[in-house]
Each structure stands twice: as structure tokens, then as C-alpha cells.
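Inspection log for the structure reproduced underneath, given as C-alpha cells.
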Amino acid sequence: MGHKPSSNNELKIVQSYSPSHGLLEEHTTLRQRSTVTECFPPKTAFQDLPNEILLVVFSFLELKPYIISHGVCKKWKQLLPLAEIHPIRRRMVNLFHQMLQHPGFLDTRPWPLQTIQPFDRKAYIEALLSQYPAVPEEFKLWILEWPARMVIFSIWPGSPFIDYRERTRDQVDGINWLAYLPEGSPSLLTLVHRNPVHDHHPMPALLIWTDEAKILWLIFDTNEPELFGSVQLTSWISDEAAIECRFPKPEDEWDICSMLFRNWLEFLESFWDRNIARVASLSSKSSPKYLEHRPMVHPVPYEFGTWTPHFRPSPPWVSRSEPQVQKDMQNFSYPDY
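Position one of the sequence shown corresponds to residue 122 (this note's numbering), numbered consecutively onward.
Written as C-alpha cells, this is what we have:
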């Protein structure tokens with residue numbers, strides 16, 4: 122009694138007694154639609170945004186969206202070259218497409234795809250930072266963002282840690298030391314920087330690859346700005362020890378037996394170009410044997426300065442000050458200049 126009907130009840134009462142019930146219902150529906158439109162404006166697709174906004178968004182993306190964007194639409198493919206992409210990511214995109222467009226690319230995939238294993242990428246970088254306060258930016262972004270399925274001839278922490286004994290169309294001979302993870306983490310080792318300008322001193326480096334003839338190091342030493350982030354390749358026929366760095370060198374002393382790549386991506390580009398040219402010459406009809414691979418045993422024995430592939434040539438960086446390591450370094454007979 123005396124209770125005022127709600128607005129909904131009022132509407133029902135009017136509708137039940139009004140001769141223009143259909144018109145009133147139509148008017149109510151239109152009013153409801155208008156209210157919904159005001160609360161929820163029409164959705165805008167990402168690709169419909171102005172080019173200026175898309176370019177800004179592109180500049181903040183990681184590597185994977187850049188790779189995918191080539192297949193999204195023609196507009197994205199046109200805008201990508203115009204975006205202010207991080208130069209390291211742009212270079213990785215270029216390397217990705219260079220590999221993908223090579224006529225022999227698919228022949229290089231079977232072994233890596235059969236053997237690759239996942240690993241904790243962030244933990245890998247954190248482990249390196251726990252041993253040394255700086256990681257070369259090119260290497261860091263490559264570890265964090267490079268597609269594992271695009272591994273370049275098993276240079277990858279998730280690839281097998283074995284001595285691959287033959288050259289096939291999908292792999293090259295050698296040992297992938299990036300996959301050497303004692304106690305589950307990578308280990309920086311110790312190089313000795315020998316330079317006539319200053320005293321010899323130890324420098325942190327990551328062992329990358331070895332085979333019967335050469336050894337590859339990624340240099341971490343920020344006290345040597347010219348060398349930080351570079352990759353050193355030394356061959357046993359160079360008359361240099363496996364654990365010494367003699368760079369920078371005068372121009373007239375450069376040779377193919379001892380090379381320095383300015384950064385990690387320059388090395389990867391060269392590693393891909395040189396090895397894809399070699400494996401492409403192999404007969405496509407010859408099936409890989411996969412019979413002579415030698416598993417590496419943990420922990421790998423240590424012998425200071427050795428060229429033997431199955432031994433660590435250098436002690437861990439964190440143990441460089443231990444008495445035995447100091448003794449090994451002092452007693453080692455380095456080749457003369």
C-alpha cells in the first residue's frame with residue numbers, strides 16, 4: 122500500500138494498456154541500443170591505428186613480433202623497415218630472414234630440431250652476471266630472444282654437449298661449449314691477455330666452440346673496451362696458446378689463423394655463411410650416419426692451455442685467484458711473439 126512501482130513495472134503497466142504497445146517497445150529497444158553504444162564504442166583493430174602510433178609500438182617490441190609481422194599483412198611489412206627498432210634486434214631479424222631464404226635452409230634443420238632442449242634463458246644470463254657484472258648486449262639479447270628452432274649449427278645452450286665427429290648437411294664437426302652447464306649454469310673461464318703495451322693479465326671469457334683445429338671465445342672484459350663483446354678465433358697453427366688473447370693486433374699481423382669478430386652477431390653471420398657454403402656442397406642423397414658422436418663427460422677435465430678438445434683449457438673465472446690456478450698460469454710456457 123502506497124508503494125511506488127519501479128520504473129520497469131511502470132513500463133510494463135503502460136505497455137499492457139497502451140494501444141501503441143509495438144511503438145513503445147521499438148522506442149525502448151532503440152534507447153537501450155543507444156546506451157550500449159555510448160558505454161562501449163566500436164572496437165578498433167590494432168592494424169587500423171595510425172602509422173605514427175604503429176611505428177612507436179614497433180620500437181618497443183622484442184624480436185618475435187618483428188619476425189611474425191612479416192606475415193601479418195602488407196601494411197606491417199611496409200612499416201617494419203621504417204620503425205626505430207633496436208639495432209641489435211634489426212640485425213637479428215635480418216639474419217633470421219637471410220637464413221630462412223637460403224635454398225639449403227631446410228636441409229640444416231633435422232639434427233637441431235631432433236636434439237634441441239629447452240633451458241631457462243633468464244637464469245642463464247643471471248648465472249653469467251653472478252660471475253661478472255656485464256654481459257655483452259648482442260649475446261644477451263640473442264640468448265633471451267632468438268628462436269631456438271633457428272639455431273645455427275647447434276651453437277646454442279639447449280643443443281647437445283657432444284663431440285660431433287662428422288660434417289653433415291645439418292651439422293658441422295666440433296663441440297658446442299655453450300651447452301657445458303656445470304651444476305646447471307654456464308661457467309666463465311679465464312683467458313690471458315698478452316699485449317706488449319701493458320702487463321699480461323687475466324680476462325673473463327666464455328668458451329663457445331672447439332674442434333680439432335680451432336677454439337672460439339666470447340670476451341667479457343669491460344676493462345678492455347676494444348675487446349668487450351668480441352669473439353676470438355684462434356687456430357692451433359697460429360703458434361698461439363689456446364688460452365691467450367693477443368688482440369688488438371697491428372694490421373700487418375692479421376691472418377686467418379687468429380681472427381677477431383667485433384661482436385657476437387658478426388661472428389654468427391660469419392659462422393652461418395662459412396658453414397652453409399661448406400655443407401651445401403655435400404650430396405643431398407647421402408644420408409647422415411650419426412654414429413661417431415662422443416658424449417662429453419661431466420665434469421670436463423681441466424688442463425691449462427691445452428688444445429685437446431675434450432679438456433677445459435682454462436680454469437673458471439671465479440677461481441682465478443686460487444693458489445693452484447696462479448701456479449698453473451705462472452708455470453705455463455706461452456709461445457713468444
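Positions of the beta carbon are idealized from the N, C-alpha and C atoms, including for glycine.
What you are looking at is a predicted structure, and each value in this text was computed from that prediction instead of being measured.
Within 8 Å, strictly: CB atoms of residue i and residue j
| i | j | result |
| --- | --- | --- |
| Glu258 | Ile209 | yes |
| Met324 | Met271 | no |
| Asp284 | Ile273 | no |
| Lys185 | Glu266 | yes |
| Gly350 | Asn384 | yes |
| Leu299 | Ile276 | yes |
| Ser379 | Ser359 | yes |
| Trp428 | Tyr253 | no |
| Ile237 | Ser280 | yes |
| Pro397 | His223 | The amino acid occupying residue 397 in the given sequence is Ile; Pro does not appear at that position. Yes, the pair counts as a contact, with Cβ atoms nearer than the cut-off. |
| Val400 | Val293 | yes |
| Glu333 | Pro430 | yes |
| Phe432 | Val421 | yes |
| Arg75 | Leu403 | The requested residue 75 is not part of the displayed model; the chain covers only 122 to 458. |
Contact set for residue i: own chain, Cβ-Cβ below 7 Å, skip 5 residues either direction
| i | result |
| --- | --- |
| Ala326 | Leu309, Leu310, Leu312, Trp338, Leu339, Ile340, Phe341 |
| Phe217 | Ile188, Met271 |
| Pro231 | Asp291 |
| His414 | Ile283, Asp284, Tyr285, Arg286 |
According to DSSP, residues forming a beta bridge with residue i
| i | result |
| --- | --- |
| Gln353 | Trp338, Leu381 |
| Glu183 | None; Glu183 has no bridge partner. |
| Glu365 | Val313 |
| Asn297 | Trp330 |
| Ile273 | Ile276 |
| Thr289 | Gln292 |
| Ile283 | Pro416 |
| Tyr253 | According to DSSP, which records beta bridges pairwise, Tyr253 is partnered with nothing at all. |
| Tyr423 | Arg433 |
Simplified DSSP state of residue i, which is helix, strand or coil
| i | result |
| --- | --- |
| Thr429 | coil |
| Glu146 | With a pLDDT of 46 at Glu146, under the threshold of 50, the modelled position of that residue is not reliable, and the figure given next carries that caveat. The answer is helix: DSSP assigns Glu146 an H, G or I state. |
| Val400 | helix |
| Thr343 | coil |
| Arg415 | strand |
| Pro231 | helix |
| Asp241 | coil |
| Ile209 | helix |
| His321 | strand |
| Asp461 | Because the chain here runs from 122 to 458, residue 461 falls outside it and cannot be looked at. |
| Pro140 | Here the model assigns Pro140 a pLDDT of 40, short of 50, so the residue's position is not dependable, and the following value carries that caveat. It is coil, neither helix nor strand. |
| Pro437 | strand |
Buried/exposed call for residue i, threshold 16 Cβ in 10 Å
| i | result |
| --- | --- |
| Ser454 | exposed |
| Phe264 | Here the sequence assigns Ile to residue 264, which means Phe is not the residue at that position. The residue is buried, with at least 16 neighbouring Cβ atoms inside 10 Å. |
| Phe436 | Here the sequence assigns Pro to residue 436, which means Phe is not the residue at that position. Buried, since its Cβ has 16 or more Cβ neighbours within 10 Å. |
| Asp291 | buried |
| Phe388 | buried |
| His314 | buried |
| Ala362 | buried |
| Arg367 | buried |
| Leu262 | buried |
| Val318 | exposed |
| Glu365 | buried |
| Pro278 | buried |
| Ala244 | exposed |
| Pro416 | exposed |
| Phe260 | buried |
| Pro239 | exposed |
| Ile206 | buried |
| Leu227 | exposed |
Contacts around residue i, its chain only, beta-carbon distance under 6 Å, and the 5 residues preceding and following it disregarded
| i | result |
| --- | --- |
| Arg242 | Ile264, Leu265 |
| Leu381 | Ser351, Gln353, Phe368 |
| Ser449 | For the sequence presented, residue 449 should be read as Asp rather than Ser. Phe425, listed in sequence order. |
| Arg441 | Thr311, Pro323 |
| Ser306 | Ala248 |
| Tyr301 | Phe282 |
Other residues of its chain near residue i: CB distance less than 8 Å, five sequence neighbours each side excluded
| i | result |
| --- | --- |
| Glu443 | Pro436 |
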